[in-house]
Structures are given as C-alpha cells and as structure tokens.
Amino acid sequence: MSVVPHSSIRLIEDSCTSCMICARECPAWCIAIDSHTEPLPGSPPGPRQRTRNVLDSFVLDWSLCLYCGICIEECPFDALEWAGSNVAAADVLGGLRHGRDQLR
Ligand code: SF4
Ligand code: SF4
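Under numbering that gives the first Met the number 0, the first residue of the sequence shown is numbered 0, with each subsequent residue one higher.
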C-alpha cells in the first residue's frame, strides 16, 4: 500500500454534495462552504418536491489547517483527497484562503 503524504487537499467537485460534514468535523474550522438547493429535473413542484444541493463556494484556509486529514476521512462521498503537492506560499495571509479554482 502506498502512503500519500499529508500535503495539500484536492476537492473533487463532481463528487461533492455540499453536505457540510467536512466543515463540521474540521477541528480547526478552516473550511467554509456555501450552497443552494435546486429542484431535481422532472420533480413536480410542491411540498414533496425533490431537490439537490448545488455548491456555490468552497474555501479552505491553509493558514489554519492542521493537515490532520479528518475532512478526507469523514467525507462520505470521497470528494476530498490528498493532492500530493505542498501548498504554495503566499505573501499575504489571505492568499492562503483557497477557493474552488485552487482546490480542483
Ligand atoms: S464532506 Fe465531502 S461531500 Fe460533504 S461538503 Fe465536504 S467535500 Fe463535499
Ligand atoms: S486537514 Fe484537518 S484541519 Fe485541514 S481542513 Fe481537513 S480537517 Fe480541517
């Protein structure tokens, strides 16, 4: 079994359901997620209309991250994984807040 070093984390957006489990389980509170719900195609309107979550934003603040991997372990949809590369340095603290584009 190969060992993947704890490094940066990749978000696999197609697998993410915006369930928020990673954000809730993160001990450092460094994941912030925004999403909205949309009706499933073909689902009739009304109180029992079926919906799905759509991810609007996913931000990971590397300045707070402990690289513990709990978010990866807890994600029920395998939407997070170790990327195998180090987090790029930033010259301002805000530069360590990575959004979807950087986490892909
Ligand atoms: S736990 Fe996984 S599926 Fe849920 S919001 Fe986090 S990355 Fe997405
Ligand atoms: S590796 Fe740990 S500290 Fe970093 S985002 Fe995941 S759960 Fe939070």
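A virtual CB, placed ideally from N, CA and C, is assigned to each residue, including glycine.
These figures come from a predicted structure and were not determined experimentally.
- Residue environment for alanine 78: buried (at least 16 other C-beta atoms within 10 angstroms of its C-beta).
- Judged by the Cβ position, leucine 10 fails to qualify as a neighbour of ligand 2 at the 6 Å threshold, every heavy atom of the ligand being at least this far.
- Our two residues, arginine 49 and glycine 68, have alpha carbons roughly 33 Å apart in a direct line.
- Residues close to ligand 1 by the beta carbon criterion (under 6 Å to any non-hydrogen atom) are, from first to last along the chain, Cys15, Thr16, Ser17, Cys18, Met19, Ile20, Cys21, Ile32, Cys74, Phe76, Ala78, Leu79.
- Linking leucine 39 to serine 62 through their CA atoms gives a straight-line distance of about 37 Å.
- In this structure, the CA atom of asparagine 85 is about 21 Å from the CA atom of alanine 31.
- Assigned with DSSP and collapsed to three states, leucine 79 falls in strand.
- For arginine 99, the enclosing alpha helix (DSSP H) begins and ends at 99–102.
- Taking 7 Å as the cut-off, the Cβ atoms of arginine 9 and glutamate 73 do not count as close.
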